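For reference, the structure discussed in these notes is given below.
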């Protein structure tokens, strides 16, 4: 009795793996795998939906339409084939056909957020902002933290010149979700444009004070404090994060960076030793030692530390031509500092990605 259900779970797991392949290796590789899957499971509507999305990413719009229509033939009462068709017609800029598909999907399932998102996009594209606002509000009754609906509401507020509405919306998002970096950046950018940077900082600061146990809020405040030159406040927040037991290497590295920026160099030097001697940490430690040397007024030593950090990370050094354009050793040191930070961070990101694919 359970065999069909188990098989369905296995099929879904395999399709999820194929989607992951698409993210890592590109849509063409994923397309080939779905086609092979369909050779064994030609009645899988889910596979045709996955195929349609992969084709859509590649701009193969007519093929994507055919994949959705095939899924619809197999499962005529399911909403996803209709939503898929609607998305393809949106890409084709055939809004009338897209709206018809989304309306049919809503008739089958009034709670389909994907269909409502489609209608929202159509209303927004047509400049029907009041109608789009109502659709976004309806989506938020279905899922109060729907990121797409919130993003569209923000755009609508700004299109209509309602900057206070946009600020209120972003504040509500930030109060609910301390890890929403996109909303945080939008909030700070908007408040800066309004000349209200201090107010923005105080809002984030008060939110962190109201939730002292929430390290995500402490991280957000620390990051904003550091970026706005409030280095002492950044040190306080990162110290709090470490004292609360954070084992994240990023928190310790950022704490050291804040100490250096606040000229607490002796403490920073002591903490670098606690990062360990793993190969992935060595270039980061070298970069931090270069920052300390620069803060001490030793730009020549800083350059050598940055150079060693790049070698340890196995990344390219500063181009000789760019270095030759520098006016003095201090300018060279700042060039090396910027280069080392960018290259090392890119290398660490690459290593993390490779680790995820091999795990």
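Residue numbers (the working numbering): 904 to 1262. Just so it is clear, CB atoms sit at the ideal spot from N, CA and C, and this is done for glycine as well. This one's a predicted model, so the numbers in the text were calculated from it and none came from an experiment.
Distance from the CA of residue 970 to the CA of residue 952, rounded to the nearest whole angstrom, comes to 7 Å. In the three-state reduction of the DSSP assignment, residue 1230 falls in the coil class, being assigned neither a helical nor a strand state. The beta-carbon distance between residue 1038 and residue 1053, rounded to whole angstroms, is 13 Å. This is too long to meet the 8 Å contact definition.
Inter-segment contact for the stretch 1088–1100 and the stretch 1109–1117 is absent: fewer than three beta-carbon pairs are separated by less than 8 Å.
Taken in chain order, the complete alpha helix (DSSP H) segments of 4 or more residues contained in the stretch 1065–1108 are 1066–1079 and 1084–1096.
For residue 1208, the enclosing alpha helix (DSSP H) covers residues 1202–1216.
Ranked by Cα distance from residue 1084, the options 1170, 1223 and 1120 are led by 1120.
Under the three-state reduction of DSSP, residue 980 is assigned to coil, being neither helix nor strand.
8 Å or more divides the Cβ of residue 1205 from the Cβ of residue 1189. DSSP places residue 960 in the uninterrupted alpha helix (DSSP H) bounded by 948–960.
Residue 926 is classed as exposed because its beta carbon has fewer than 16 other beta carbons within 10 Å across all chains shown. Straight through space, the alpha carbons of residue 1165 and residue 1012 are spaced by roughly 57 Å. Following the DSSP letters along the chain, one finds residue 1013 in no alpha helix (DSSP H), marked with neither H nor E.
Residue 1174 places its beta carbon 8 Å or farther from that of residue 1187. Straight across, the Cα-Cα distance linking residue 1112 with residue 1139 is about 12 Å. By the neighbour-count definition (other C-beta atoms within 10 Å, threshold 16), residue 911 is an exposed residue. By the Cβ rule, the stretch 1222–1230 does not count as touching the stretch 1195–1202, because fewer than three pairs are nearer than 8 Å.
A direct Cα-to-Cα measurement between residue 1151 and residue 1103 gives close to 27 Å.
With a 10 Å radius around the Cβ and a threshold of 16 neighbouring Cβ atoms, residue 967 comes out buried. Taking C-beta atoms under 8 Å as the contact rule, residue 1016 and residue 1049 qualify, at a distance of about 6 Å. Of the residues assessed, residue 979 falls on the exposed side of the cut-off, its CB having fewer than 16 other CB atoms within 10 angstroms. Nearest neighbour of residue 1031 by Cα position, chosen from 1055, 1051 and 1009, turns out to be 1055. Cβ-Cβ separation between residue 1220 and residue 1213: approximately 5 Å, consistent with a contact (criterion under 8 Å).
Closest option to residue 976, judged by alpha-carbon separation, among 1080, 1006, 945 and 1034: 945. For residue 954 and residue 1006, the gap between their C-alpha atoms comes out near 23 Å.
In the structure shown, the three-state DSSP call for residue 1250 is helix. Less than 8 Å divides the Cβ of residue 1108 from the Cβ of residue 1124. Where residue 1142 is concerned, the enclosing alpha helix (DSSP H) starts and stops at 1134–1146. For the pair residue 1021 and residue 990, the CB atoms are nearer than the 8 Å cut-off. For the set 1251, 1051 and 1203, the Cα lying nearest the Cα of residue 1215 is the one of 1251.
When the alpha-carbon of residue 1153 is set against those of 1147, 1141 and 1163, the nearest one is in 1141. Taking every protein chain shown into account, the CB of residue 1045 has fewer than 16 other CB atoms within 10 angstroms, so this residue is exposed.
Per the coordinates, the alpha-carbon of residue 1245 lies some 21 Å from the alpha-carbon of residue 1134. Residue 1063 carries a coil assignment under DSSP once its states are collapsed to helix, strand and coil.
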